[in-house]
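Heads up: the structure comes next, in structure tokens.
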Amino acid sequence: MRAHDLAEPYPYVTTDDDAIDAARLLAENSLPALLVLDADGQPHAIVPGSQLLRQLIPSYAVDDPLLASSVENGAGSEIAERLEGLTVAEWVPRRLFPPPYVGPDATPMEVAALMARTHSPLVAVIEREGDGRVRLLGTVTAARLIRYVLVRLGLQDGTRG
352 MRAHDLAEPY PYVTTDDDAI DAARLLAENS LPALLVLDAD GQPHAIVPGS QLLRQLIPSY
412 AVDDPLLASS VENGAGSEIA ERLEGLTVAE WVPRRLFPPP YVGPDATPME VAALMARTHS
472 PLVAVIEREG DGRVRLLGTV TAARLIRYVL VRLGLQDGTR G
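Using our numbering, you'd call the opening residue of the sequence shown number 352 and step up by one each time.
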């Protein structure tokens, strides 16, 4: 089993898309992370949902739980204002969220180790074309890897095989 066997299609946005649309995609699909591709279709960023929240909420709320408890429930308008007019590239700069990726022949252990090192719930699986361009084959999520391990161990239905 290799990364290309584990890879599955995954919803994505591009760097030029509106940040509000990206937030909607994440929320409506209950995604663990946002996959961002650049104009050439190459992985630009993979941002866990928790880090997207960090980009949305006021820094004082992150830094001080007491201040966070005093923020009114109506803070949604402040969040919308933060996203208004931003592109995905402006909202989630690549330097903050470099995309973890592997080639198609990476082993499940290599994918799992990369996820653990980067704290990312998904890894992009890419293939380099003859002209040097990169093609996204899909992504491997943490859930997909765990499902693979459980099946291999015969534990997928709650019993030992």
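Glycine is no exception: its CB is placed at the ideal position from the N, C-alpha and C atoms.
The structure displayed is predicted, hence computed values, not measured ones.
Considering just the uninterrupted stretch of the beta strand (DSSP E) at residue i, what are its terminal residues?
i, result
"residue 395", "394 to 399"
"residue 478", "473 to 479"
"residue 443", "Here residue 443 belongs to no beta strand (DSSP E), and DSSP marks it neither H nor E."
Would residue i be called buried (16 or more neighbouring beta carbons within 10 Å of its own) or exposed?
i, result
"residue 421", "exposed"
"residue 512", "In this predicted model, residue 512 has a pLDDT of only 48, less than 50, meaning its place in the structure is not dependable; the value taken from the coordinates is given anyway. When all chains shown are included, residue 512 counts as exposed."
"residue 500", "exposed"
"residue 367", "exposed"
"residue 492", "buried"
"residue 315", "Because the chain spans 352 through 512 in this model, residue 315 falls outside it and cannot be assessed."
"residue 358", "buried"
"residue 495", "buried"
Starting from residue i, trace the alpha helix (DSSP H) in both directions and tell me its first and last residue.
i, result
"residue 377", "370 to 379"
"residue 296", "Any property of residue 296 remains undetermined from this structure, which presents the chain solely from 352 to 512."
"residue 413", "410 to 414"
"residue 382", "Premise fails: residue 382 is in no alpha helix (DSSP H) and is neither H nor E."
How many whole angstroms separate the CB atoms of residue i and residue j, which I take to be in contact at a CB cut-off of 8 Å?
i, j, result
"residue 412", "residue 418", "6 Å"
"residue 453", "residue 434", "Actually they do not touch by this definition, with Cβ atoms about 31 Å apart."
Check whether the Cβ atoms of residue i and residue j lie closer than 7 Å to each other.
i, j, result
"residue 362", "residue 472", "no"
"residue 364", "residue 354", "no"
How about the stretch 477 to 487 and the stretch 386 to 395: do they share at least three Cβ pairs that are nearer than 8 Å? Note that the stretch 477 to 487 touches the stretch 386 to 395; at least 3 beta-carbon pairs, one per stretch, sit closer than 8 Å.
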